Amino acid sequence: MSRSRRLVHAAVGGVVVLSCTVLTAPAQAAPEADEPVGTVRLVTEKRVTVDYPWAGASGFQYRPGTTSVTTVDYPDAVPPAHAGPDDLASGTDVVNSRDGRTVTQRHRSTGVTATVTIPSGHAYRAAAGWSVLTMDGTGALHVLRAVEGTLTEDTPVTGFPAGARPVLYRTGGSVGRLAIVYVLDGKTSVGLVDLADGAFRTYVTSDEATPQFAFNDRWLVADWKAIRVDAEPGTEPTALTRADARPEAVVGDQLLLGNPTFVQGGTEAALTARSLVTGASSTVLTSSFGGIGPTLDGGALATAGPSSLDWNIHRITLTDTGGLTTTKVARVPAAATGVQGLAVAGGELFLHGATPGASLRYSGFQLDADGRPTGAQTPRSPALSGTTCLPGDAACPQLEALGDGRVGYLWTDSAGQESVLNVGLDTSTILSEPTDGDSGGRLAGGTGRYVLYNGSSGKQRLVDFPRAATGGETTLTRDRTAAAVWGQTLWTPGSTQGSVTGRNLKTGTTTTLATGAPCTPTDLQAVNTWLYWTCGGTAGVYDRATSRKITVPADHGPARLADGFLLRENRTTHELLLTDFHTGTAATRTLVKLPATDQNTGGSNGRWAVDRFGGHIAYLNGTYGEVSIVAGGVPTSPLAQMEAQVYSPSVIGRSMPWSPVWQLNKPSTWTLTLTKASGTVVRTLTGASTGAAVRPAWDGTTDTGAGAGSGPFTWRLTAHPRDGRGPDLTLSGTMTLG
109 MSRSRRLVHA AVGGVVVLSC TVLTAPAQAA PEADEPVGTV RLVTEKRVTV
159 DYPWAGASGF QYRPGTTSVT TVDYPDAVPP AHAGPDDLAS GTDVVNSRDG
209 RTVTQRHRST GVTATVTIPS GHAYRAAAGW SVLTMDGTGA LHVLRAVEGT
259 LTEDTPVTGF PAGARPVLYR TGGSVGRLAI VYVLDGKTSV GLVDLADGAF
309 RTYVTSDEAT PQFAFNDRWL VADWKAIRVD AEPGTEPTAL TRADARPEAV
359 VGDQLLLGNP TFVQGGTEAA LTARSLVTGA SSTVLTSSFG GIGPTLDGGA
409 LATAGPSSLD WNIHRITLTD TGGLTTTKVA RVPAAATGVQ GLAVAGGELF
459 LHGATPGASL RYSGFQLDAD GRPTGAQTPR SPALSGTTCL PGDAACPQLE
509 ALGDGRVGYL WTDSAGQESV LNVGLDTSTI LSEPTDGDSG GRLAGGTGRY
559 VLYNGSSGKQ RLVDFPRAAT GGETTLTRDR TAAAVWGQTL WTPGSTQGSV
609 TGRNLKTGTT TTLATGAPCT PTDLQAVNTW LYWTCGGTAG VYDRATSRKI
659 TVPADHGPAR LADGFLLREN RTTHELLLTD FHTGTAATRT LVKLPATDQN
709 TGGSNGRWAV DRFGGHIAYL NGTYGEVSIV AGGVPTSPLA QMEAQVYSPS
759 VIGRSMPWSP VWQLNKPSTW TLTLTKASGT VVRTLTGAST GAAVRPAWDG
809 TTDTGAGAGS GPFTWRLTAH PRDGRGPDLT LSGTMTLG
């Protein structure tokens with residue numbers, strides 16, 4: 109059987125991924141829906157290279173990759189007292205734009221403008237500040253400048269070697285000088301033309317065909333040789349110790365070195381500074397590369413950050429003592445990347461896509477009690493390899509958010525052998541449990557530590573990923589039937605028609621319920637006290653709390669049970685249908701009309717997902733990389749414990765704290781108190797749940813930092829529902845230390 113990734117992106121024009129423009133289909137009309145409470149965009153974590161079309165005293169322009177130019181103004185820019193072509197120093201804030209033979213110059217701070225007309229027979233070569241460099245038909249260079257706003261003054265360049273062939277013109281940290289690289293007699297040299305009087309001077313003759321160089325009004329550094337711009341004629345440049353990094357700019361007496369040609373694995377490129385006076389080196393910005401350059405006022409700009417999720421442009425300027433200071437001046441937006449799977453649980457939206465460049469990752473977005481995104485995209489797994497997928501998969505890979513901050517997903521190797529994997533609590537750990545050679549399977553559900561796997565072999569496996577595990581463990585293998593796991597209970601069809609049996613996975617005790625189903629269910633799902641069953645043509649929900657039997661629609665599938673409601677997709681009309689049954693009577697409404705073009709094939713966790721631990725719904729809205737969130741609007745159940753991993757260690761400490769896990773049914777804020785037998789409270793811990801799981805850690809110390817000692821302790825957990833619905837939940841127990 110041919111197995112391949114199943115994914116079609118509905119994208120919009122103009123979206124840029126890294127440095128390549130994505131060719132896309134037109135955007136579809138916005139879905140007819142309940143108004144989304146928020147929208148997030150999955151972006152790549154790969155840091156994009158930027159360039160600076162202009163960078164001056166009051167602001168700058170930057171362009172990430174091949175996208176359009178963005179202009180940024182410095183909030184503290186102070187315009188000069190005088191600005192005009194006769195005031196060369198004020199050119200640090202001049203933007204030059206050329207249209208044919210006309211160069212328009214605009215001083216951004218004062219609004220003063222001037223026009224330079226390029227004479228017939230001259231060719232434009234470069235511009236810096238108020239000055240324009242041209243070359244005439246004989247090869248002679250000229251500095252042009254406006255007089256009284258519109259007239260053009262022509263100053264011939266003197267001192268440029270006869271027979272020299274210019275190969276490069278470049279601006280640097282100066283509006284008084286412009287660099288020219290030229291070739292003469294097979295040698296490459298670098299010099300500066302003084303834009304005030306047109307005098308050219310050669311400073312460095314290089315052994316390299318394309319020497320790296322940087323300059324400002326004080327220094328020129330080329331081919332790892334440095335020389336003062338005002339040095340006496342005949343002065344030899346000083347040789348510098350070469351580095352793997354390249355010269356990017358000179359700020360004051362500091363040479364900035366960045367974008368190294370080689371970086372050791374596991375390290376980050378950094379922007380460093382080397383004093384051209386003392387030789388001392390320092391780090392200016394860590395994780396800096398892909399966009400470093402001088403500004404016309406003698407400073408510099410540089411990109412830096414841990415990833416594209418926090419990739420910024422920093423302004424580098426001199427301090428009063430000659431040192432360097434950096435200021436964050438712009439956030440570089442990350443490029444969108446496709447969503448290959450989505451899930452939502454415990455107030456967190458999980459998206460699967462190629463975010464670390466070419467590698468895949470699960471990323472998370474925290475949601476508030478109303479479903480609104482409250483923070484930026486956060487990595488929630490290591491970089492992952494791709495997997496093969498079965499035709500018709502809802503997402504690739506199949507995934508299930510487990511409500512405890514983790515995601516279980518199905519991974520298939522090149523031989524077709526499957527494993528159940530678990531990620532989410534950090535960005536370095538992957539827990540795995542092979543299916544003993546089974547393949548062609550599906551994830552049938554999961555919560556907390558348990559994931560249910562249905563193999564094509566006809567076997568069903570329950571995989572356990574307990575607290576502090578280094579891998580998964582298959583705790584139960586049985587013949588495949590409809591089944592659901594919620595907390596520590598596995599629900600399966602009973603021995604009589606319509607009955608369902610719940611097995612406690614820890615104690616082995618069973619409970620059998622009569623759901624009223626006129627068949628042996630072909631699908632079972634469980635959330636809180638709700639049990640959903642379907643026989644294909646009929647479906648219902650059984651409320652274990654009240655023994656109510658509620659008939660729900662079975663005309664569209666697949667269905668997904670949530671807390672008090674059912675979610676289904678009509679694949680003909682593309683409507684997402686919500687059936688509210690929490691009152692005992694089913695009522696159905698259209699929640700959202702999804703885009704007609706699939707981004708992921710299939711149903712739940714492909715195009716949409718629902719939070720069984722809170723009630724919010726997420727769906728692909730038809731724009732590349734975007735997911736919208738809408739509230740279900742159905743009251744949630746009271747806070748309850750689903751499962752707990754509370755153990756009694758004899759010894760704990762900072763390196764081995766007591767780390768219990770209480771799996772609750774929805775997010776909470778919590779307080780945990782530790783009390784000695786005498787009744788003295790020795791430690792109070794507070795926090796917010798990870799998903800819907802409470803995960804504290806006590807290192808055996810008191811609130812003052814002293815050791816709590818040995819003996820019996822009572823713990824008391826009080827959890828407050830984050831959505832404010834229902835009373836607090838209080839749990840307690842004992843443990844003995846030492």
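Numbering (the working numbering), first residue to last: 109 to 846. Here a beta-carbon is modelled for each residue, glycine too, at the ideal position from N, C-alpha and C. From a predicted model like this one, the values you see are computed outputs, not experimental measurements.
Item: Excluding five sequence neighbours on each side, which residues of the same chain lie with their C-beta closer than 7 Å to the C-beta of Gly665?; Value: Arg676
Item: Use the C-beta contact count for Thr623: other C-beta atoms within 10 angstroms, 16 or more gives buried, fewer gives exposed.; Value: buried
Item: Going by DSSP, name the residue or residues bridged to Phe308.; Value: Val301
Item: On the DSSP letters alone, give me the boundaries of the beta strand (DSSP E) that Glu344 sits inside.; Value: Element bounds for Glu344: n/a, residue is neither H nor E.
Item: Near Lys436, what residues of its chain come up, given a Cβ to Cβ distance below 7 Å and the 5 sequence neighbours on each side ignored?; Value: Asn420, His422
Item: Helix, strand or coil for Ser198, going by three-state DSSP, please let me know.; Value: helix
Item: Mark Asn636 as exposed unless 16 or more other C-beta atoms lie within 10 angstroms of its C-beta, in which case mark it buried.; Value: buried
Item: At which residues does the beta strand (DSSP E) containing Tyr277 begin and terminate?; Value: 273-280
Item: Just the C-alpha distance for Tyr182 and Ser536, rounded to the nearest angstrom, thanks.; Value: 39 Å
Item: By alpha-carbon positions, which one of Leu533, Ile538, Asp534 ends up nearest to Ser527?; Value: Ile538
Item: Smallest Cα separation from Pro187: which of Val202, Ala577, Val180?; Value: Val202
Item: Roughly how far, in whole angstroms, is the beta-carbon of Thr888 from the beta-carbon of Val151, given that I think they are within contact range, below 8 Å?; Value: Missing from the structure shown is residue 888; the chain here goes from 109 to 846 and no further.
Item: For a test of the three-state rule: what should DSSP assign to Asp418, helix, strand or coil?; Value: helix
Item: Between the C-alpha atoms of Pro345 and Thr310, what's the straight-line distance to the nearest angstrom?; Value: 11 Å
Item: Kindly indicate which residue of Thr687, Asp631, Gln749, Thr680 has the alpha-carbon position closest to the one of Ile658.; Value: Thr687
Item: Enumerated in chain order, which unbroken segments of the beta strand (DSSP E) with a length of 3 residues or greater are wholly contained in the stretch 557-625?; Value: 558-562, 567-572, 581-587, 592-594, 597-601, 607-612, 618-622
Item: List the whole-angstrom C-beta distance separating Leu300 from Leu286, where the pair is believed to meet the contact cut-off of C-beta under 8 Å.; Value: 7 Å
Item: Tell me which residues share the same chain as Gly846 and place their Cβ nearer than 8 Å to its Cβ, disregarding the 5 neighbours each side in the sequence.; Value: Ser758, Val759, Gly817, Ser818, Gly819
Item: Excluding five sequence neighbours on each side, which residues of the same chain lie with their C-beta closer than 6 Å to the C-beta of Gln320?; Value: Arg354, Pro355
Item: Under the rule that 16 or more other beta-carbon atoms within 10 Å means buried, what is Gln605, buried or exposed?; Value: exposed
Item: Determine the burial state of Leu702: buried for a count of at least 16 other Cβ atoms within 10 Å of its Cβ, exposed for fewer.; Value: buried
Item: I'd like to confirm the pairing. Which residues does DSSP put opposite Ile288 in its beta bridges?; Value: Tyr277, Gly299
Item: In whole angstroms, give me the CA-to-CA distance for Ser493 and Glu316.; Value: 42 Å
Item: For Gly799, does the count of other Cβ atoms within 10 angstroms reach 16, so buried, or fall short, so exposed?; Value: buried
Item: Measure the C-alpha to C-alpha separation of Ile288 and Phe323 and round it to an integer number of angstroms.; Value: 11 Å
Item: Under DSSP, the beta strand (DSSP E) around Met764 begins and ends at which residues?; Value: Neither: Met764 is in no beta strand (DSSP E) and is coded neither H nor E.
Item: Please classify Val255 as buried or exposed, where buried requires at least 16 other C-beta atoms within 10 Å of its C-beta.; Value: exposed
Item: Smallest Cα separation from Thr597: which of Gly554, Phe573, Lys567, Thr585?; Value: Gly554
Item: Provide the residue(s) that pair with Ala843 in DSSP beta bridges, ordered along the chain.; Value: Position check: residue 843 holds Met in this sequence, whereas Ala was assumed. For Met843, which the question treats as bridged, DSSP gives the partners Phe821.
Item: Do you know whose CA, among Thr212, Val177, Thr221, Gly280, lies nearest Gly192's CA?; Value: Thr221
Item: Pull up the CB-CB distance for Gly556 and Leu613, whole angstroms please, since I reckon it's below 8 Å.; Value: Contact flag wrong, Cβ pair sits at about 11 Å.
Item: Just to confirm, are Gln362 and Arg382 a CB contact at a threshold of 9 Å?; Value: yes
Item: Based on DSSP bridge pairs, tell me the residues matched to Trp778.; Value: Gly795, Ala827
Item: Taking DSSP's pairing of strands, which residues face Gln753 in a bridge?; Value: Val769
Item: Is it true that the stretch 463-478 meets the stretch 160-168, where meeting means three or more beta-carbon pairs spaced less than 8 Å apart?; Value: no
Item: Identify the residues that DSSP records as bridge partners of Gly461: which are they?; Value: Arg469
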